[in-house]
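Step one of this worksheet: look at the structure below.
Number of protein chains: 2
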Amino acid sequence: MSRSASEAAASAVELAIDQRLTVATAESLTAGLVAATLADTPGASGMLQGGVVAYQNSVKEGVLGVPPELLSAVGSVDAQVAAAMADGARLACGADLGVSTTGVAGPLPHDGKPVGTVFIGVATASGSAAYSYSFEGDRPGIRAQATAAALERLLECLVGSDLPHVK
Amino acid sequence: MSRSASEAAASAVELAIDQRLTVATAESLTAGLVAATLADTPGASGMLQGGVVAYQNSVKEGVLGVPPELLSAVGSVDAQVAAAMADGARLACGADLGVSTTGVAGPLPHDGKPVGTVFIGVATASGSAAYSYSFEGDRPGIRAQATAAALERLLECLVGSDLPHVK
Numbered sequence: 000m001s002r003s004a005s006e007a008a009a010s011a012v013e014l015a016i017d018q019r020l021t022v023a024t025a026e027s028l029t030a031g032l033v034a035a036t037l038a039d040t041p042g043a044s045g046m047l048q049g050g051v052v053a054y055q056n057s058v059k060e061g062v063l064g065v066p067p068e069l070l071s072a073v074g075s076v077d078a079q080v081a082a083a084m085a086d087g088a089r090l091a092c093g094a095d096l097g098v099s100t101t102g103v104a105g106p107l108p109h110d111g112k113p114v115g116t117v118f119i120g121v122a123t124a125s126g127s128a129a130y131s132y133s134f135e136g137d138r139p140g141i142r143a144q145a146t147a148a149a150l151e152r153l154l155e156c157l158v159g160s161d162l163p164h165v166k
Numbered sequence: 000m001s002r003s004a005s006e007a008a009a010s011a012v013e014l015a016i017d018q019r020l021t022v023a024t025a026e027s028l029t030a031g032l033v034a035a036t037l038a039d040t041p042g043a044s045g046m047l048q049g050g051v052v053a054y055q056n057s058v059k060e061g062v063l064g065v066p067p068e069l070l071s072a073v074g075s076v077d078a079q080v081a082a083a084m085a086d087g088a089r090l091a092c093g094a095d096l097g098v099s100t101t102g103v104a105g106p107l108p109h110d111g112k113p114v115g116t117v118f119i120g121v122a123t124a125s126g127s128a129a130y131s132y133s134f135e136g137d138r139p140g141i142r143a144q145a146t147a148a149a150l151e152r153l154l155e156c157l158v159g160s161d162l163p164h165v166k
């Protein structure tokens, strides 16, 4: 994992613990790397509630509660899906904040989206948001960039930035 | 991740796809590394259903269905808990096989168990099993060894070894 991802994770762990906030993850293309990077930091058990690796849509629906009609309409790589995943992680794990990743790591396009398309979602009790990215690189590179982006967005959320609306 | 973990993951992905079997993970101390290592292999979407990062006991109970009375009686670092987590992952994600990790990554002992104590669980529709380990090393080292052990146990399961009873 890149230095920036580790640093963002360490800062997020510290800030969450200071504010007594808990975090849950929902990961598609990163498949556990966001949660694992948070857990690299000793003391992460003070804020990391848990997470869901939602690789297949059935898990996005069944465990995270993403509406099947949304997935049918827009596919799994979408801003609204990312926001719903983040909110679903928060609710499933009983956490204050949720952060999610969905995107195309490659090597092939998926759901009509090109390789490198990534959406990061964040959610709190007061709302959810999603951010879109277009990364370049190979499969591990895209997953690493998505992990770093998710940790940066989580950190922003913890430093108190407003949550923008889903675009 | 170690070469052996990556190789075990690649073999598990190939064997599962050949047999049209799906896999789900339930991870405590590894916090997503088992799922992420499987997903490193292109084509993993053909067998990886999803997984649960069950860092806190509330997630082991609420999402994976581990009995609260079991957790109260034995703590979270236990063979029966590992087996129940693997079965819970299988059921929550609708997969044929479940594999789980629970243990003490350190730096401090947990639930009365020394640092390095790890249990790996595996489950299919016909039963579940757990294996105990005592690893040495620092926090990242113990988590890496636990990840490799989980992937080896999953691979064994896929090559058709019998599932022993929970010890």
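Sequence order for the protein chains is C and U. If you're matching positions, the first sequence starts at 0 in numbering that gives the first Met the number 0 and goes up one per residue. If you're matching positions, the second sequence starts at 0 in numbering that gives the first Met the number 0 and goes up one per residue. Note that beta-carbon positions come from the ideal geometry of N, C-alpha and C, so glycine has one too. For clarity, every value in this text was computed on a predicted model and none was experimentally measured.
Original post:
Using a beta-carbon distance cut-off of less than 7 Å, what residues from the stretch 88-113 of chain C approach chain U?
Top reply: The residues in question are A91, C92, G93 and P106.
Original post:
For V165(C), which residues of its own chain have a beta-carbon under 7 Å away from its beta-carbon, when the five flanking residues on both sides are left out?
Top reply: On the first sequence, position 166 is the one that residue 165(C) refers to. The predicted position of V165(C) is uncertain, since its pLDDT is 43 and thus under 50; a value taken from the coordinates is nonetheless stated next. Its chain contains A78, Q79, A82, S127, A128 and A129 as the residues whose beta carbon lies nearer than 7 Å to that of V165(C), once the 5 sequence neighbours on both sides are disregarded; these appear in chain order.
**OP:** Could you name the residues that DSSP lists as bridge partners for K112(U)?
**Re:** For the purposes of this step, residue 112(U) is identified with residue 113 of the second sequence, where counting begins at 1. Beta-bridge analysis with DSSP links K112(U) to H109(U).
Subject >> Cβ neighbour criterion (16 or more within 10 Å) applied to L157(U) >> reply: Looking up residue 157(U) in the second sequence gives position 158. The residue in question, L157(U), is buried, as its Cβ has 16 or more Cβ neighbours within 10 Å.
**OP:** Count the other CB atoms, across all protein chains shown, that sit within 10 Å of the CB of E68(C); report buried if there are 16 or more and exposed otherwise.
**Re:** To locate residue 68(C), count along the first sequence from 1; it is residue 69. Residue environment for E68(C): exposed (fewer than 16 other C-beta atoms within 10 angstroms of its C-beta).
Subject >> S125(C) versus R19(C): straight-line alpha-carbon distance, rounded >> reply: Numbered from its first residue, the first sequence carries residue 125(C) at position 126. Numbered from its first residue, the first sequence carries residue 19(C) at position 20. Roughly 17 Å between the two C-alpha positions.
**OP:** Rounded to whole angstroms, what's the CA-CA distance from T184(U) to S75(C)? Just pull it up for me.
**Re:** Residue 184(U) lies beyond the residue range present for chain U, which begins at 0 and ends at 166; the question has no answer from this structure.
Original post:
So, helix, strand or coil for L28(C), using DSSP?
Top reply: For this step, residue 28(C) is matched to residue 29 along the first sequence. L28(C): coil per DSSP, three-state reduction.
Original post:
Does the beta carbon of R152(U) come closer than 8 Å to any beta carbon on chain C?
Top reply: Residue mapping note: residue 152(U) aligns to position 153 of the second sequence, counting from 1. With its beta carbon at least 8 Å from every one in chain C, R152(U) lies outside the interface.
Subject >> Delimiting residues of the alpha helix (DSSP H) encompassing Q144(C) >> reply: Start at 1 with the first residue of the first sequence, and residue 144(C) comes out as number 145. R138 to L157 is the extent of the alpha helix (DSSP H) around Q144(C).
**OP:** Determine whether the Cβ of S57(C) lies closer than 8 Å to any Cβ atom of chain U.
**Re:** Along the first sequence, read from residue 1 onward, the residue named residue 57(C) stands at position 58. By this cut-off, S57(C) is an interface position.
Subject >> Rounded C-alpha distance that separates V169(C) from A25(C) >> reply: No answer is possible for residue 169(C): it lies beyond the span of chain C, which begins at 0 and ends at 166.
**OP:** Note down, in chain order, every chain U residue with its Cβ under 7 Å from the Cβ of Q189(C).
**Re:** Chain C is shown from 0 up to 166; residue 189(C) falls before or after that span and cannot be answered.
**OP:** Quick one: residues in its chain with C-beta nearer than 8 Å to the C-beta of G105(U), no 5 flanking neighbours on either side, listed in chain order?
**Re:** Working through the second sequence from its first residue, we reach residue 105(U) at position 106. Contacts found: V114, G115, D137, R138 and I141.
**OP:** Identify which residue in V117(U), T21(U) and G61(U) has its Cα closest to the Cα of L47(U).
**Re:** Translated into the one-based positions of the second sequence, residue 47(U) becomes position 48. The candidate whose alpha carbon is nearest that of L47(U) is T21(U).
Original post:
So is P139(U) in contact with chain C if we call contact Cβ pairs under 8 Å?
Top reply: Residue 139(U) sits at position 140 when you count from the first residue of the second sequence. Yes - at least one Cβ of chain C is within 8 Å of the one on P139(U).
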